[in-house]
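Undergrad: Numbering (the UniProt record's numbering), first residue to last: 1 to 454.
C-beta atoms are modelled at their ideal positions from N, C-alpha and C, and glycine is treated no differently.
Sharing a structure with you now.
What follows is the structure in structure tokens.
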């Protein structure tokens with residue numbers, strides 16, 4: 001497999017648009033494995049829509065062991081022609097001010113991936129060359145090999161920018177994407193609106209692909225891609241087990257890392273999907289798993305499904321294991337509030353999720369277990385990320401948080417808070433975790449789900 005990374009100069013440069021167009025244009029002829037730098041769940045779905053192959057996240061905060069991350073990068077490369085990696089934010093943006101702190105640049109260096117920069121041409125010409133020179137000189141260990149100019153207003157506009165780049169830099173220009181307001185993808189509180197909620201998304205992607213074919217030199221892009229080294233042996237040696245795990249999968253709950261799903265299946269877990277929106281009954285399973293998503297967008301339908309809510313509640317009452325992240329916490333609480341509207345949820349936790357106009361928590365964080373719980377024994381450190389437009393409020397003060405959260409930036413603790421709740425064998429928190437962060441932690445998690453792993 002050859003590899004190439006598409007990174008933005010800033011957020012909003014157009015890297016996602018460029019990546020979708022490139023994926024669509026090349027997928028007709030090549031077998032592609034796509035990746036996304038960072039913890040994002042939504043962009044990956046757009047990739048998968050094009051390639052019909054699960055997109056993998058590459059995140060060196062959530063997966064701190066370089067050997068493990070290298071394995072995750074190379075594990076799915078058999079019979080693959082090209083690996084296309086989409087960056088996150090701007091190339092050097094990460095956690096705090098350190099350019100190597102979980103940025104796209106750090107991934108490019110760690111995995112030795114050539115970088116194609118995407119720069120927004122809006123309201124600029126020669127200054128684009130100065131910006132690109134700054135990016136190249138800022139860290140010469142980052143293998144910046146080319147540029148795509150986005151949001152170009154005219155052919156003359158492109159020639160001005162390209163002329164400046166040729167004059168001042170030795171940097172290949174792969175081409176450009178013209179300004180086109182009709183291809184923009186709508187956003188909401190957690191990023192892009194998911195692809196399966198956009199009726200015209202395929203037409204938009206097809207239009208971008210046509211622009212890519214017309215204005216981007218794809219053969220030059222392929223020539224800049226470099227080969228992946230040999231596949232790395234899986235450093236996670238987890239014994240096989242048997243467990244039937246019900247997994248909530250519908251438009252309300254769909255935030256799952258492909259590598260988490262793969263790891264569960266690889267250890268012998270049988271995943272049984274069900275829909276809290278439309279299914280009347282739970283499947284016959286040993287444990288339940290609720291990922292994140294957008295329960296607030298489907299609150300009325302979730303609230304109306306009384307039979308499923310009742311069975312989930314009874315599942316918990318029977319002391320069967322339930323694990324829930326973010327949207328799952330909101331669903332397992334008593335009430336989900338949007339403005340003046342209140343929607344009754346499952347009610348395992350006597351608390352209310354209230355939607356907020358602004359992000360309440362955003363980014364990477366460390367969690368420390370204050371008691372023995374599903375995520376680990378007391379004192380265990382877990383890394384993860386939070387990203388939500390809601391707050392969970394205890395309605396019963398007997399409901400106590402089980403996690404102490406810390407946000408650490410530039411080696412300074414900049415925020416602390418409490419969260420996460422456990423009743424019987426039901427655990428829920430806003431924290432999203434990657435199971436590949438720690439093998440011992442994952443084995444303990446499996447055992448807490450009811451598996452028997454030594």
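(1) Counting pairs of beta carbons, one from the stretch 19-26 and one from the stretch 160-170, are three or more of them closer than 8 Å?
(2) Need the endpoints of the beta strand (DSSP E) that residue 88 sits in, please.
(3) For residue 51, which beta-bridge partners are listed by DSSP?
(4) With a 10 Å radius around its C-beta and 16 neighbouring C-beta atoms as the bar for buried, classify residue 362 as buried or exposed.
(5) Could you tell me the alpha carbon to alpha carbon distance between residue 39 and residue 453, rounded to whole angstroms?
(6) Taking C-alpha atoms, which residue in 288, 359, 113, 365 lies nearest to residue 94?
(7) Taking the straight line between their C-alpha atoms, what separation do you get for residue 82 and residue 173?
(8) Would the C-beta of residue 17 count as close to the ligand NAD, meaning under 8 Å from any of its heavy atoms?
(9) What separation, rounded to the nearest whole angstrom, lies between the Cα atoms of residue 312 and residue 447?
(10) I'd like to know if the stretch 426-436 and the stretch 244-263 are in contact, where contact means that at least 3 CB-CB pairs between them fall below 8 Å.
(11) Assign residue 340 to one of two classes, buried (16 or more other C-beta atoms within 10 Å of its C-beta) or exposed (fewer than that).
(12) Could you name the residues of the same chain whose beta carbon sits closer than 8 Å to that of residue 228, not counting the 5 residues immediately before and after it, in chain order?
(13) Determine the burial state of residue 386: buried for a count of at least 16 other Cβ atoms within 10 Å of its Cβ, exposed for fewer.
(14) Which class does residue 287 belong to by DSSP, given the choice of helix, strand or coil?
(15) What would DSSP say about residue 102, mapped onto helix, strand or coil?
(16) Please go through the same chain and pick out, in chain order, the residues whose beta-carbon is closer than 7 Å to the beta-carbon of residue 179, but skip the five residues on each side of it.
(17) Just how far apart, CA to CA, sit residue 419 and residue 394?
(18) Just curious, the alpha helix (DSSP H) that residue 66 is in, first and last residue?
(19) Does residue 351 pass the burial test, meaning 16 or more other C-beta atoms within 10 Å, or should it be called exposed?
(20) Could you give the distance in angstroms between the alpha-carbon of residue 397 and the alpha-carbon of residue 251?
(21) Taking the beta strand (DSSP E) that residue 230 falls in, what are its first and last residues?
(22) For residue 129, which residues of its own chain have a beta-carbon under 8 Å away from its beta-carbon, when the five flanking residues on both sides are left out?
(23) Is residue 383 near residue 235, with beta carbons less than 9 Å apart?
(24) Taking Cβ positions, are residue 108 and residue 192 nearer each other than 9 Å?
(25) Distance check for residue 430 and residue 423, CA to CA, integer angstroms please.
(26) Go ahead and label residue 414 buried or exposed: buried means 16 or more other beta carbons lie within 10 angstroms of its beta carbon, across all protein chains shown.
(27) Leaving out five residues on either side along the sequence, give the residues of the same chain with a beta carbon under 6 Å from the beta carbon of residue 146.
(28) Would you kindly check if the distance between the Cβ of residue 253 and the Cβ of residue 327 is under 9 Å?
(29) Mind checking who residue 147 pairs with in its DSSP beta bridge?
(30) Which residue spans inside the stretch 340-396 form an unbroken beta strand (DSSP E) run of at least 3?
(31) Would you report the Cα separation of residue 417 and residue 331, rounded to the nearest angstrom?
(32) Which residues mark the beginning and the end of the beta strand (DSSP E) in which residue 435 is found?
(33) First and last residue of the beta strand (DSSP E) that includes residue 301?
(34) Between the alpha carbons of residue 48 and residue 343, how many angstroms are there, rounded?
TA: By the coordinates alone:
(1) Between the stretch 19-26 and the stretch 160-170, the count of Cβ pairs shorter than 8 Å is below three; the stretches do not touch.
(2) 82-90 is the span of the beta strand (DSSP E), which, as asked, contains residue 88.
(3) None; residue 51 has no bridge partner.
(4) Counting Cβ neighbours within 10 Å, residue 362 comes out exposed, since fewer than 16 surround it.
(5) Looking at the two C-alpha atoms, the distance is approximately 28 Å.
(6) The shortest C-alpha separation from residue 94 is found at 365.
(7) Taking the straight line from one Cα to the other gives about 20 Å.
(8) As for the ligand NAD, it is missing from this structure, which has no ligand bound.
(9) Approximately 21 Å between the Cα atoms of the pair.
(10) Three or more beta-carbon pairs separated by less than 8 Å link the stretch 426-436 to the stretch 244-263, which places the two stretches in contact.
(11) Burial check for residue 340: the Cβ neighbour count within 10 Å stays below 16, so the residue is exposed.
(12) Excluding sequence positions up to five before and after residue 228, its CB lies within less than 8 Å of the CB of 1, 2, 3, 73, 74, 77, 83, all in the same chain and listed in chain order.
(13) Residue 386 comes out buried.
(14) Judged by DSSP in its simplified three-state form, residue 287 adopts strand.
(15) The answer is coil: DSSP assigns residue 102 none of H, G, I, E or B.
(16) Counting only Cβ-Cβ distances below 7 Å, and skipping sequence neighbours, we find 151, 152, 153.
(17) Computed Cα separation, rounded: 10 Å.
(18) Taken as a continuous stretch (DSSP letters only), the alpha helix (DSSP H) holding residue 66 covers 66-74.
(19) Answer is buried; the Cβ neighbour count reaches 16.
(20) Between the alpha carbons of residue 397 and residue 251 lies a distance of about 32 Å.
(21) Segment: none, residue 230 is in no beta strand (DSSP E) and carries neither H nor E.
(22) So the list reads 161, 164, 165, 167, 168, 169, once near-sequence residues are dropped.
(23) No, the pair does not count as a contact, with Cβ atoms beyond the cut-off.
(24) Taking 9 Å as the cut-off, the Cβ atoms of residue 108 and residue 192 do not count as close.
(25) Whole-angstrom Cα-Cα distance: 16 Å.
(26) Exposed, by the Cβ-count rule.
(27) These residues qualify, in order along the chain: 116, 172, 174, 224.
(28) In this structure, residue 253 lies closer than 9 Å to residue 327 by Cβ.
(29) Note: residue 147 sits in a beta bridge opposite 117, 173.
(30) Fully contained in the stretch 340-396 are the following beta strand (DSSP E) runs of length 3 or more, in chain order: 341-344, 349-355, 361-369, 381-388, 390-394.
(31) Distance between the alpha carbons of residue 417 and residue 331 is about 21 Å.
(32) Counted as a single uninterrupted DSSP element, the stretch harbouring residue 435 is not any beta strand (DSSP E), since DSSP gives it neither H nor E.
(33) Per DSSP, residue 301 lies in no beta strand (DSSP E); the unbroken alpha helix (DSSP H) holding it starts and ends at 299-304.
(34) Approximately 33 Å between the Cα atoms of the pair.
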